[in-house]
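Below: the structure, in structure tokens.
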Amino acid sequence: MVSAIDCINVPNQQYCYDIQNSAISEQDKTYLLEDIMSQTKNYPDFQTVQNWNSKVSLTVAPAGTAFKESGAITKAWVNVFSIMPAVTENETLLVPQQGNVLIGANYQIVLPTNTQIGDCKTTRKVVEKSEKIDLYVNGKLQGTGENVKYAISANDGSSVLFNAVYNVWLKIEIGHYKLQQKSYYHNGKKDYYYSCEYYNTDYQTNAMSVWDSRTATISSPMMSASFTVQDKYLDTTKGTFTATNYVNTELHFFDSSLMRHNYVFSEVLDKKGILTVKVEKLFSQDENNLATGGDIITVPSTDGCSIKLSDFFTSKILPCTLTYDSPAFAVTTDKNVYDENETITVTISPAGREYTVQYAEQEFSTTGTITLKAEYPYNKITVQYKDRILPLLVHIKNEKPLHTAFSLVFFGFTNQAIIGLVRRYCGGVHD
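The opening residue of the sequence shown carries number 1043 in our numbering; numbering runs sequentially from there.
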């Protein structure tokens, strides 16, 4: 098969000739040829596949084809050669919701040569014939021909049955000849002989249908991606880049880019000489003028930001979310010193965000202003927005300890006054 390949159809023509002329095995030649069929490895090269398969003869039966016959119709066959675009992953054929199907079919006519009973000669010839290939997908007729477009509505992961039906019809003219007695005179005497002469004509129709099926699975995942600015510094921007259900995703800026690939692709020749795309799971990433740490992307500039998201068969362009919500905020209280159980009014600006406030081992949520009950000895209020945390200190007065201290001080002062009077008027104090 490799030796029969026309290298003009291969992108790397010189490599193709070198492989064909090498002394390695046919298996190794096939492996190397498949590797040079396309110059793209992270993306499916459906154009190369289509160009190659369009040159494959659809009237030559693939090796191993089972033929059918009926009457004068012999060696009839039909084969679903290729569904394009399509990829094969772990022996599963994945197809989109719309595409093209290449179908090969052919038959031969072998007319009987026997003489029918009662005839001296029987002639047969085909005076009319027709053939038609119908493509059904999940039981619904899609079209007729060797290259049929299909379009179905099916969910991702749904099973799809492609069924090609080849109908052949013949009209055969049958000429009947009978022995006719004829007379003639020879030497004045009448004699007789028999001649095989045309007698009449009748017609016979011959029809048959053959079919071939191919099962595939719809691949139409719901892709999503986003780039959101988290913070800005003097010359850089930090953002979060996430993507789901993608085969390839590309984050582009004017001066930077990030590309992530979940698969590698190769073009494989099957036994019918049809080129198919094979995929294998393998993650790779290309970075240009930016830094990554998981989903966190740091870039010099977000100018020209766009996201290209691709599955096996489709792609779309998404915008970036470049609006920046600065996490900076300010916190104030209505005063600095509070009595226990007094109301603390906390004001946070800008208002309208979801702030988390912690005080006295409790957590609260607010969008701008919140009131708290002062509790001793808790003098620290913490406010958080995103990854920014701002602590605020207030003073909570403890009335009971203050009253006791005040009593002790007053008692001390009183005792000192009494002792002073005693010393003044009694001349001293004796132990």
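Note that beta-carbon positions come from the ideal geometry of N, C-alpha and C, so glycine has one too.
Only a predicted model underlies this, so the values are computations on that prediction, with no experimental measurement involved.
* Asked: For the 8 Å Cβ check, are there 3 or more pairs between the segment 1206–1220 and the segment 1244–1258?
  -> Segments in contact, yes.
* Among residues of its own chain, excluding the 5 on either side of Tyr1427, which ones have a beta-carbon nearer than 7 Å to its beta-carbon? -> Sequence index remark: in the sequence shown, residue 1427 carries index 385 (1-based). Same-chain partners within the cutoff: Pro1369, Phe1371, Arg1395, Tyr1397.
* Alpha-carbon spacing of Asn1209 relative to Lys1350, whole angstroms -> The sequence position of residue 1209 within the sequence shown is 167, counting from 1. The sequence position of residue 1350 within the sequence shown is 308, counting from 1. Cα to Cα, the separation comes out at about 45 Å.
* Cα-Cα, which of Ser1352, Met1301, Thr1413 is closest to Asp1337? -> As a first step, residue 1337 is located in the sequence shown; it is residue number 295 there, counting from the start. The shortest Cα separation from Asp1337 among Ser1352, Met1301, Thr1413 belongs to Met1301.
* To do: Output the distance between the C-alpha atoms of Val1102 and Gln1081, rounded to the nearest integer angstrom.
  => Looking up residue 1102 in the sequence shown gives position 60. Looking up residue 1081 in the sequence shown gives position 39. C-alpha separation (whole angstroms): 30 Å.
* Is it buried or exposed for Arg1256, if we count other Cβ within 10 angstroms and need 16 for buried? -> Looking up residue 1256 in the sequence shown gives position 214. So Arg1256 counts as buried.
* On the three-state DSSP scale, how would you describe Phe1283? -> Taking the sequence shown and counting its residues from 1, one reaches residue 1283 at position 241. In the structure shown, the three-state DSSP call for Phe1283 is strand.
* To do: Run through the segment 1084–1122 for me and flag every whole beta strand (DSSP E) of 3 or more residues, listed as ranges in chain order.
  => 1110–1112
* What residues in its chain sit with their C-beta under 8 Å from that of Tyr1234, if we drop five residues either side in the sequence? -> As a working mapping, residue 1234 is identified with position 192 in the sequence shown. Excluding sequence neighbours, Tyr1234 sits near Gln1223, Lys1224, Ser1225, Tyr1226.
* Neighbour-count burial assignment, Met1264, 16 or more Cβ in a 10 Å radius -> In the sequence shown, the residue the question calls residue 1264 occupies position 222. Classification for Met1264: exposed.
* **Cβ shell of Gln1284 (< 7 Å), same chain only, five flanking positions each side left out** => Here residue 1284 is taken as the residue at index 242 of the sequence shown, counted from 1. Checking the displayed sequence, the identity of residue 1284 turns out to be Thr instead of Gln. Answer for Thr1284: Ala1267, Ser1268, Asp1337, listed in chain order.
* To do: Mind checking who Gln1246 pairs with in its DSSP beta bridge?
  => In the sequence shown, counting from the first residue as 1, residue 1246 sits at position 204. According to DSSP, Gln1246 bridges with Ile1214.
* Asked: Excluding the five sequence neighbours on either side, which residues of its own chain have a C-beta within less than 7 Å of the C-beta of Gly1187, listed in chain order?
  -> If you number the sequence shown from 1, residue 1187 lands on position 145. Counting only Cβ-Cβ distances below 7 Å, and skipping sequence neighbours, we find Ile1175.
* Asked: From Val1289, Ala1249, Asp1367, Thr1164, pick the residue whose C-alpha is nearest to that of Lys1280; which is it?
  -> By 1-based counting over the sequence shown, the position of residue 1280 is 238. Minimum Cα distance to Lys1280 is reached at Asp1367.
* Evaluate Glu1405 with the Cβ neighbour count: other Cβ atoms within 10 Å of its Cβ, from every protein chain shown; 16 or more gives buried, anything less gives exposed. => Translated into the one-based positions of the sequence shown, residue 1405 becomes position 363. Under this definition Glu1405 is an exposed residue.
* The beta strand (DSSP E) enclosing Leu1317, as first and last residue numbers -> Residue 1317 sits at position 275 when you count from the first residue of the sequence shown. It spans 1317–1330 - the beta strand (DSSP E) in which Leu1317 sits, taken as one unbroken run.
* Evaluate Thr1456 with the Cβ neighbour count: other Cβ atoms within 10 Å of its Cβ, from every protein chain shown; 16 or more gives buried, anything less gives exposed. => Looking up residue 1456 in the sequence shown gives position 414. Residue placement at Thr1456 is flagged as unreliable, the pLDDT there being 43, under the threshold of 50; the coordinate-derived value follows with that caveat. Thr1456 is exposed by the Cβ-count criterion.
* **Where Ile1423 falls, given that 16 or more other Cβ within 10 Å makes a residue buried** => Against the sequence shown, residue 1423 aligns to sequence position 381. Looking at its Cβ environment, which holds 16 or more other Cβ atoms inside 10 Å, Ile1423 is buried.
* Asked: Who does Asp1176 pair with in a DSSP beta bridge?
  -> The residue labelled residue 1176 in the question sits at position 134 within the sequence shown. According to DSSP, Asp1176 shares a beta bridge with Thr1186, Val1207.
* To do: Examine the ligand ZN and report whether any of its heavy atoms sits within less than 7 Å of the Cβ of Ala1372.
  => The model depicted lacks the ligand ZN and carries no ligand whatsoever.
* Quick one: Cα of Asn1331 to Cα of Asp1353, how far? -> Working through the sequence shown from its first residue, we reach residue 1331 at position 289. Working through the sequence shown from its first residue, we reach residue 1353 at position 311. So the two alpha carbons sit approximately 26 Å from each other.
* Asked: What residue from Asp1277, Asp1328, Leu1203 has the CA that sits closest to Trp1253's CA?
  -> For the purposes of this step, residue 1253 is taken as the residue at position 211 of the sequence shown. Nearest C-alpha to Trp1253: Leu1203.
* Taking C-alpha atoms, which residue in Glu1417, Asn1084, Met1250 lies nearest to Thr1116? -> Working through the sequence shown from its first residue, we reach residue 1116 at position 74. The shortest Cα separation from Thr1116 among Glu1417, Asn1084, Met1250 belongs to Met1250.
* Identified DSSP bridge partners for Ile1238 -> The residue labelled residue 1238 in the question sits at position 196 within the sequence shown. Residue identity check: residue 1238 is Cys in the sequence provided, not Ile. DSSP output for Cys1238 lists Leu1221 as bridge partner(s).
* Asked: In terms of DSSP beta bridges, what is Ser1268 paired with?
  -> Counting from one through the sequence shown, the residue named residue 1268 turns up at place 226. Its beta-bridge partners are Thr1284.
* Asked: Is DSSP giving Tyr1275 helix, strand or coil here?
  -> One-based indexing of the sequence shown puts residue 1275 at position 233. Note: Tyr1275 maps to coil in three-state DSSP.
* Is the distance from the Cβ of Val1143 to the Cβ of Val1190 below 8 Å? -> One-based indexing of the sequence shown puts residue 1143 at position 101. One-based indexing of the sequence shown puts residue 1190 at position 148. Contact: yes.
* Asked: So, using beta-carbon positions, are Leu1212 and Cys1162 closer together than 8 Å?
  -> Within the sequence shown, residue 1212 is the residue found at index 170, counting from 1. Within the sequence shown, residue 1162 is the residue found at index 120, counting from 1. The answer is no: Cβ separation not under 8 Å.
* Determine the closest residue to Ser1084 out of Lys1415, Asn1304, Leu1311, with distance taken between C-alpha atoms. => As a position in the sequence shown, residue 1084 is number 42, starting the count at 1. Inspection of the sequence shows that residue 1084 is occupied by Asn rather than by Ser. Nearest option by C-alpha distance: Asn1304.
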